[in-house]
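Visitor:
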Amino acid sequence: MGVMIYQISENRQIPLFALSFYLLTLSMMNTMTYSRILGIGSYLPTKRITNDDLAQMVETSDEWISQRTGIKARHIADDSEKTSDLALKAAQNALSQANIHPNEIDLIIVGTVTGDYAFPSTACLVQQKLGITNRCPAFDIQAACAGFMYAMTMADAYIRGGLAKKALIIGAETLSRIVNWQDRNTCVLFGDGAGAAVLGASDEPGIIHSKMCADGAFESVLHMNGRMNNGEWTGAKFINMDGQAVFKFAVKSLAEVAQETLNEANFPAEKIDWLVPHQANSRIIDATAEHLGLPREKVILTVAEHANTSAASIPLALDEGIRTGKIQRGQHLLLEGIGGGFAWGAMLLRY
Ligand code: UT7
Numbered sequence: 000m001g002v003m004i005y006q007i008s009e010n011r012q013i014p015l016f017a018l019s020f021y022l023l024t025l026s027m028m029n030t031m032t033y034s035r036i037l038g039i040g041s042y043l044p045t046k047r048i049t050n051d052d053l054a055q056m057v058e059t060s061d062e063w064i065s066q067r068t069g070i071k072a073r074h075i076a077d078d079s080e081k082t083s084d085l086a087l088k089a090a091q092n093a094l095s096q097a098n099i100h101p102n103e104i105d106l107i108i109v110g111t112v113t114g115d116y117a118f119p120s121t122a123c124l125v126q127q128k129l130g131i132t133n134r135c136p137a138f139d140i141q142a143a144c145a146g147f148m149y150a151m152t153m154a155d156a157y158i159r160g161g162l163a164k165k166a167l168i169i170g171a172e173t174l175s176r177i178v179n180w181q182d183r184n185t186c187v188l189f190g191d192g193a194g195a196a197v198l199g200a201s202d203e204p205g206i207i208h209s210k211m212c213a214d215g216a217f218e219s220v221l222h223m224n225g226r227m228n229n230g231e232w233t234g235a236k237f238i239n240m241d242g243q244a245v246f247k248f249a250v251k252s253l254a255e256v257a258q259e260t261l262n263e264a265n266f267p268a269e270k271i272d273w274l275v276p277h278q279a280n281s282r283i284i285d286a287t288a289e290h291l292g293l294p295r296e297k298v299i300l301t302v303a304e305h306a307n308t309s310a311a312s313i314p315l316a317l318d319e320g321i322r323t324g325k326i327q328r329g330q331h332l333l334l335e336g337i338g339g340g341f342a343w344g345a346m347l348l349r350y
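For the sequence shown, numbering that gives the first Met the number 0 gives the first residue as 0, with consecutive numbering after it.
#1: Applying the criterion that 16 or more other CB atoms from any shown protein chain within 10 Å of the CB defines a buried residue, is M56 buried or exposed?
#2: Taking 8 Å as the line, does the beta carbon of L221 fall inside it for any heavy atom of ligand 1?
#3: Determine, using beta carbons only, whether A54 and A193 come nearer to each other than 9 Å.
#4: For L315 versus L332, is the C-beta spacing smaller than 9 Å?
#5: Just to confirm my understanding: we take I158, look at its own chain, exclude 5 residues before and 5 after, and list those with CB closer than 6 Å. What are they?
#6: Buried or exposed: K88, going by 16 or more other Cβ atoms within 10 Å of its Cβ?
#7: Under three-state DSSP, which class holds F237?
#8: What residues in its chain sit with their C-beta under 8 Å from that of K297, if we drop five residues either side in the sequence?
#9: Could you check if T45 is buried or exposed, using at least 16 other CB atoms within 10 Å of its CB as the buried criterion?
#10: So is L188 buried or exposed if we call it buried at 16+ other beta carbons inside 10 Å?
#11: When burial is assigned at 16 or more other CB atoms within 10 Å of the CB, is G324 buried or exposed?
#12: Answer with buried or exposed for R73, where buried requires no fewer than 16 other C-beta atoms within 10 angstroms of its C-beta.
#13: Is the beta carbon of Y116 sitting closer than 9 Å to the one on N229?
#14: Is it true that the CB of I337 sits closer than 9 Å to the CB of A249?
#15: I75: which of W180, P204 and G130 sits nearest, CA to CA?
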């Protein structure tokens, strides 16, 4: 039986089976592994404090808080709820949406600045509370309000590099424990909550591009000293912030990083279906949307009800966008946010 021959050029031929083998190998090499969101979940403590409630505690008003920040209410953990408890509930919701058994998870990363202990990490506590016995790596990332995006970026690298197949990423905070409830400059801004995502390896694009940044020169503008001990804060207790300085830097850096992320991905802003920003201040969010030429109808806004929940704010907003039917499978989302450090970034993904 003769071997079928493929003519490459005038004077070069190869057997057809060799060509097929070559093309198959090439196509396998070109198969990219992406990480896609398989499920999202969140949890908000039931106790809700409105601006009017706060006006009973400090010299402020619903009018001032609403106009300057867009915040109307915030949720506050009760005394028995630690950050890991909030994280657990968000994780359970994300796992159930993804239809994934906890023991299938092979990586856990929690973004938080209010972990239960100095160590073990909140991620280890969540692993244990979920009953995961497969000894998967679990650790926390501290990048303040950018913590969830930093954690997603790291999980994406694990998955693309073949080190994980199904990752649980959580942003969880009990900021109410590190807020000075006598300081009207800060206490009106923050809330508690948790959000989680299950990321899975996929041939289809999920996370397309992310750009994380940090500049430690701004330590004095937004910081706090101290440590959690069994859910209680020890040391210098409160968040310390120069609000105007943070505001100015946030408006400039978020517009820049959002644009750079899109440019590097060669993705036009008009193709973004939803902007899912960190929810600190509606005026900062409006400025970023305006810079990108996105109308408010394309922005997921939860700041009114959640206030600033730091690392939890983006996954909380994602979950709300999905549960309310706004965000649909296949749509393109741009996440962005900034927090203490400064640490900030943006992430383009296909849901
Ligand atoms: O997640 C990242 C971290 N944080 C942020 O993104 C926050 C960024 N910054 C901001 O959102 C805004 O700067 C704030 C909402 C914090 C403050 O808004 P502002 O427009 O920058 O107000 P301000 O700090 O310049 O204060 C204006 C006035 C001051 O009074 P005087 O000095 O003009 O008499 C404040 O004492 O408003 C006063 N003030 C308040 N009044 C009523 C400050 N806090 C309050 C309050 N209620 N809660």
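Positions of the beta carbon are idealized from the N, C-alpha and C atoms, including for glycine.
Guide: Straight from the coordinates:
#1: exposed
#2: Look at L221: its beta carbon is less than 8 Å from one of the heavy atoms in ligand 1.
#3: No. Outside cutoff.
#4: Taking 9 Å as the Cβ cut-off, L315 and L332 do not qualify as a contacting pair.
#5: S34 and A200
#6: buried
#7: coil
#8: I271, D272, W273, L274 and A288
#9: Classification of T45: exposed, given that the 10 Å Cβ count is below 16.
#10: Taking every protein chain shown into account, the CB of L188 has 16 or more other CB atoms within 10 angstroms, so this residue is buried.
#11: exposed
#12: With 16 or more Cβ atoms within 10 Å of its Cβ, R73 is classed as buried.
#13: yes
#14: Cβ atoms of A249 and I337: closer than 9 Å.
#15: W180
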